[in-house]
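Written below as structure tokens is the structure these notes are about.
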Amino acid sequence: MDCSRMEILISPFIDGELTPLETGMVSAHLAACPDCRKEYESLKMISSALYQNSEILMAAPAGFKEGLMQRIKEDKKVRPAQYFNWIQKNWKQSAAAAAAAVMIAWGALSVGSAPVMQIAENAPATIQPDNNLSPVNITPDVQNTDQTPVIAQNNRTVSPGSVPTVPSQAYTAPVFMNKERNAVTSILKIKVDDLGVGIRQAQNMAALAQAQTLYMGQQVNTDGVYTILKMTVSAEKASRLSTDLGGLGAVISKDVQQDSLTGRYALKLSEYQNLLAQLSVEKDPVQRTVLIQHLDLLAAQMKDWETQADQETIILWLVK
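In the numbering used here, the protein residues as written are 5 to 324.
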């Protein structure tokens, strides 16, 4: 399953709306794909936060029940025929009025409610720049107003004419370069005369190319038992290393897979810039914390894609 298809299925996967077959396919893909797994973890965190907020129960305002019962008693005094005609003509208006009353009561209670999330005392960490990043400093515009007193965090009362001071944060927005970004993986199957010697030679070749080597175990196929090595090497050295590995023995097969990251990177960058714009005008500490956490996730994802685009992966299968 490709990653673009996976992005569509992650949300219904979290909500448990997929068939057993689709659930198994998504679980297998998430186990093998770090990009989609990060996307899944991000969506799961946001879904969990929204679900927790939805569980907060608000009590009805004082006198709401008595007023409602009095209205019901007055309605019962209407003659049956008139009452029936009145229902036929006005049931929609009454339902809308009742819904509006509930929403007004909810909003009135929400103003004085305590924040759902706890705000850390220390300012969130700053994303560190790298060679591809151009700094964009965001400083909240905090001005004195003549508003009524506001209850700040930690139950501190703010006097009229001021608002809580939000610490300014400097963020570094990744700059999207107009170039192709691809994650390249080569699968190379080679038959060798001596398996132990072949493994040692492959590891030496990888070391000379400054590649990272990971032993992936063994797999039994119809044509023998394969020893699998995963090598991660810089893109400029990948071709030479692949050629050298082909000299270990008889090449059974070679398959090169290329996954384009360009479109996904552009979408994430657009989302990142939109969140930066929201952060620049956001005053509420709770919302700022949520925005910063989301920005951190997006920045980490884009940096990871940049790293993948600068490297290639070689999966080496050796069989005697």
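Note that the Cβ used here is the ideal one computed from N, Cα and C, for glycine as well.
Q.
Using C-beta distances below 6 Å, list every residue in its chain close to M10, excluding the 5 sequence neighbours before and after it, in chain order.
A. These residues qualify, in order along the chain: H33 and C40.
**Q.** Selected residue, minimal CA-CA separation from A187, among I232, M73, V260 and D197
**A.** Nearest of I232, M73, V260 and D197 to A187, Cα basis: V260.
Q. If we count the other Cβ atoms within 10 Å of its Cβ and call it buried at 16 or more, is N216 buried or exposed?
A. Just to set this straight, residue 216 is Gln in the shown sequence, not Asn. Exposed is the call here.
Q | Q214 (DSSP reduced to helix, strand or coil) | A | coil
Q | Continuous alpha helix (DSSP H) stretch holding D3: start and end | A | Only positions 5 to 324 of the chain appear in this structure, which leaves residue 3 out of reach.
Q) Going by Cα to Cα distance, which pick from K48, E26, A36 and K42 is closest to S15? A) K48
(Q) Do T23 and T189 have their beta-carbon atoms positioned less than 8 Å apart in this structure? (A) no
Q. Which value, in whole angstroms, describes the spacing of the CA atoms of V224 and G267?
A. 37 Å
Q. So is N136 buried or exposed if we call it buried at 16+ other beta carbons inside 10 Å?
A. Residue placement at N136 is poorly supported in this model, since its pLDDT is 46, which falls under 50; the coordinates still yield a value, given next. Exposed is the call here.
Q | Boundaries (first-last residue) of the beta strand (DSSP E) holding D259 | A | A254 to S264
**Q.** Buried versus exposed call for Q305 [16 or more other C-beta atoms within 10 Å across all chains shown]
**A.** Q305 should be labelled buried.
Q. Taking the alpha-carbon positions, what's the S257 to I296 distance?
A. The C-alpha of I296 is placed about 47 Å away from the C-alpha of S257.
Q.
At the level of alpha carbons, what is the spacing between Y219 and L273?
A. 35 Å
(Q) Tell me which residue opens and which closes the alpha helix (DSSP H) that G250 is part of. (A) From DSSP, the alpha helix (DSSP H) with G250 extends over A239 to G250.
(Q) Within 10 Å of its beta-carbon, does Q147 have 16 or more other beta-carbons around it, so buried, or fewer, so exposed? (A) The predicted model places Q147 with a pLDDT of 47, which falls under 50 and marks its position as unreliable, so this point remains unresolved.
Q: Identify the continuous beta strand (DSSP E) that holds L192 and give its terminal residues.
A: N186 to K195
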